[in-house]
Structures are given as C-alpha cells and as structure tokens.
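Taking it in order: structure first as structure tokens, then the write-up.
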Amino acid sequence: MEGKLATRNISPGTRVYGEKIVRLESGEYRIWDLFRSKLAGALKKGLRGLEIVPGAKVLYLGAATGTTPSHVSDIIGEEGELYCVEFAQRSMRELIAVCEKRPNMFPIHADANNPEEYKDVGEVDVVYMDVSQPNQSEILIKNCYAFLKKGGIAYLCVKSQSIDVTLPPRQVFEIVKKQLARDFTVEQEYELAPYDLDHLFLALRRKD
Ligand SMILES: C[S@@+](CC[C@H](N)C(=O)[O-])C[C@H]1O[C@@H](n2cnc3c(N)ncnc32)[C@H](O)[C@@H]1O
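So in my numbering, spot 125 of the sequence shown is number 576, and the numbers just go up one at a time.
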C-alpha cells in the first residue's frame, strides 16, 4: 500500500468501481485510483488541508456513478452527509446503488443549474464540483450562494476542453479564475497531469 492513497471503507466488503481492497487490523481500505478521481490526483499533486473531514456536510455536483463521491463518503464517515447531484439518468441508476450501501450518501436527480430543485439540502461546509460544462463558473457561484456557509470552501475541477477547445488550456484556466475572482479567493491550484490532462483543480474560499 506504500505510496498509494486509500480510504477506510464505511461499507466493508463492497467495491464501487473495481478498486483494490486491502484489509488491515484497523479496518478495510479501498485504494483510491489517481487516474479515476481528480480529488485523488489533486491530493497526490499537493492539495493541503482538505476540508472534507469526518463529520463534514458536502454538496457534490456532478456525482456521475459515484467513484470520487464514494471516497468522500468514506472520509466524512457516518457522522457526515454527502448530497450527490447528477442529471444523467444512466449514471443515476448506478449512483443510487452506491448510495444504498452508504448511509451518509444521498442521491439527487437534478440539474445543478437549478439549485432551487434541491434547496432542502440546506447549508453545507463544502461544495465540490466536477460537471465539465462551459457555464460551470456560473453554476458554481449560484450553488455556493444557495448552500455554502460563509467562508466555506469550494473545490472545482476545470476541464479546459469543456470550456473552449480552441484555446490553450492555461488560457482557459485564467479565464475561469477571472470569472470566479469576484466571489472567491483562489487558495490553491493544481494542474492534474499526468493523472488528468488539461485539467485544473481549484480550492476556492467563498468571499463575504
Ligand atoms: C466528469 S463526470 C464526474 C465524475 C465524478 N465527479 C467522479 O470523480 O467520480 C461529470 C458528471 O457531471 C454530470 N453533469 C454535467 N452537467 C451537470 C449538471 N448541470 N447537473 C448535474 N450533473 C451534471 C455529468 O452527467 C457527469 O456524470
């Protein structure tokens, strides 16, 4: 397990995406694949002070089939709450199956452009967003105003090609940071290569 990332499985005996499982005296651990999860890639690239911690309440936009959300669910543990928004029907089916085995994970079939559809989530400690959409800055801002506590942190995955295929990735990253500058302070940023090419991972502090 040396040099690898892993999370302690809160649903022992179950896998989510074919990941390796290691059993130690302290519990069962799921190896976190750096090439399948941008959060794992960001941690490997140096992301510090992760605010996804035991007991945290997290809103996750773009949960897909639950790969990264399942590791977030392991980290926040049974005291935490993880609300997973996904709009693709096909991904949703698999996501629901993952949530059924994890008591802290709640699926929400909705479009992240419309936070009023899931307003019952209430205030959260962390917003995590990975939707690969051209208007993702706008989506992030409205969700953070609706749910993120004052001074809370948002983690954003930026895929340059989803925003503008004609521009070099670093130029796209600068445009995105400018769009967010009024509402957030960029505290940390990591390009995710070699784990994900042309992706930037941002840790953003909500300004108030
Ligand atoms: C790159 S995948 C997410 C992968 C996932 N975060 C992980 O690491 O396991 C992006 C997901 O965002 C979803 N998505 C894109 N736009 C969305 C929107 N407006 N509302 C909800 N989900 C959206 C897509 O259907 C897709 O499943």
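By construction, the Cβ of each residue, glycine as well, lies at the ideal position given by its N, Cα and C atoms.
Helix or strand or just coil, what does DSSP make of residue i?
i, result
"A632", "coil"
"V504", "coil"
"P558", "strand"
"R487", "coil"
"Y596", "helix"
"E476", "coil"
"Y468", "coil"
"V623", "helix"
"K601", "strand"
"L546", "helix"
"L643", "coil"
"E589", "helix"
"E532", "strand"
"V616", "coil"
"A539", "coil"
"K552", "coil"
"K455", "coil"
"E638", "strand"
Measuring straight from C-alpha to C-alpha, what distance separates residue i and residue j?
i, j, result
"G513", "G497", "23 Å"
"K610", "S583", "6 Å"
"K552", "T617", "42 Å"
"P620", "T636", "21 Å"
"G517", "A548", "9 Å"
"L648", "E638", "21 Å"
"A539", "V473", "32 Å"
"K665", "P566", "Beyond the ends of the chain as shown, which are 452 and 659, falls residue 665; an answer cannot be given."
"D634", "F624", "16 Å"
"M543", "P520", "13 Å"
"E476", "D615", "48 Å"
"Y646", "Y511", "21 Å"
"R466", "F652", "26 Å"
"G454", "L494", "12 Å"
"L501", "A654", "9 Å"
"K593", "N555", "24 Å"
"G478", "G464", "11 Å"
"E642", "C608", "10 Å"
Around the C-beta of residue i, are 16 or more other C-beta atoms found within 10 angstroms, so that it is buried, or is it exposed?
i, result
"G506", "exposed"
"R481", "buried"
"H558", "One point to set straight first is that residue 558 is Pro, not His, in the sequence displayed. Buried."
"Q587", "buried"
"E529", "exposed"
"G469", "exposed"
"Y596", "exposed"
"K489", "buried"
"A563", "buried"
"N486", "Inspection of the sequence shows that residue 486 is occupied by Phe rather than by Asn. Its Cβ having fewer than 16 others within 10 Å, F486 is exposed."
"E568", "exposed"
"A632", "exposed"
"D571", "exposed"
Step through the CB atoms of chain D and report whether any lies within less than 8 Å of the CB of residue i.
i, result
"I604", "Of the chains in the structure shown, none is chain D; there is only one protein chain."
Between residue i and residue j, how many whole angstroms is the CB-CB distance? I'm expecting something under 8 Å.
i, j, result
"V509", "V575", "6 Å"
"V578", "A605", "4 Å"
"C545", "H560", "Note that residue 545 is Glu in the sequence shown here, rather than Cys. Not quite, the Cβ-Cβ distance comes to about 12 Å (not below 8 Å), so this is no contact."
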